[in-house]
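Convert by adding 6 to the 1-based position in the sequence shown; the result is the number in the numbering used here.
From the three backbone atoms N, C-alpha and C, an ideal C-beta is built for every residue, glycine too.
Since the structure is predicted, the reported quantities are computational estimates derived from the model, not experimental observations.
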Amino acid sequence: MDFLRKMKDRNVVVSEQTLTKIKDLIPVLVYVAGYAVYATLKKLKCESCRAALTVDKELTVGVEEKHYQLIREMDRGGLVHPAMFEVNAVAHNYAVVEQLSKNSDYLSMPCQPKVVTDLTVELLTSEDSQEFDTCDSGHTSELVLKHVLWCSTNILLKNFCYRLNDKIADASTKSKERKLKTLCSK
């Protein structure tokens, strides 16, 4: 948790400007949020949490419709349509992962998902905009939020690692091509 304190000191913040930069990724973040909510509901098995975390597939119309398009295209029957609070949480999570991934201290530390999840939960709970207090089964909004963010953090970090490995592989391929050109020209 010492690292978490360091990150707070470095002002890992999610501003309106940060969220505006990722507006093109909203359909993907909605998809990730949908899966994270699905996994959370599977774990908690709570109908009142289901009502708070999802929206009816038939009622998503208007501006939100384009955001849910990826879920509709990829759905094989099990995906859920997350409420906008969860989409907002995953967008905050994405912004935190992006900011922390640029930090060498973060990249070398163990248990990266826990740091991202804790930091995002703290950012979201400090905004004081929670979806519900406690459900009938006793699940607090912070507990549910941690489950959703843990799942989305793992997805986002896995994607980050894939992108990093792709960059390394591309650099290696370019290096080999350059060496081959040099050898062939002699």
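Item checked: Contacts around Ala101, its chain only, beta-carbon distance under 6 Å, and the 5 residues preceding and following it disregarded -> Once the five neighbours on either side are set aside, the close Cβ partners of Ala101 are Val20, Thr24.
Item checked: Nonlocal neighbours in the same chain, by C-beta distance under 8 Å from Val127, ignoring five residues either side -> Taken in chain order, the residues that qualify are Glu148, Leu151, Lys152, Leu155.
Notebook entry, point to check: With distances taken between CB atoms, is the gap from Tyr37 to Ile77 smaller than 8 Å?
Noted result: For Tyr37 and Ile77, yes; Cβs fall inside 8 Å.
Check: Just reading off the alpha helix (DSSP H) that Gly40 is part of, what are its end residues?
Finding: Run containing Gly40: 32-50, per the alpha helix (DSSP H) assignment.
Item checked: Within 8 Å, strictly: CB atoms of Cys141 and Thr46 -> In this structure, Thr46 does not lie closer than 8 Å to Cys141 by Cβ.
Checklist line | When Gln105, Ala57, Ala42 are compared against Lys27, the one with the closest alpha-carbon | finding: Closest option to Lys27, Cα to Cα, is Gln105.
Notebook entry, point to check: Is the distance from the Cβ of Leu163 to the Cβ of Val103 below 8 Å?
Noted result: Against a cut-off of 8 Å, the Cβ pair of Val103 and Leu163 comes out as a contact.
Margin query: Our contact map puts Val122 next to Pro88 with C-beta atoms below 8 Å; I'd like the distance itself, whole angstroms only.
Written below: Incorrect: roughly 19 Å between the Cβ atoms, too far for contact.
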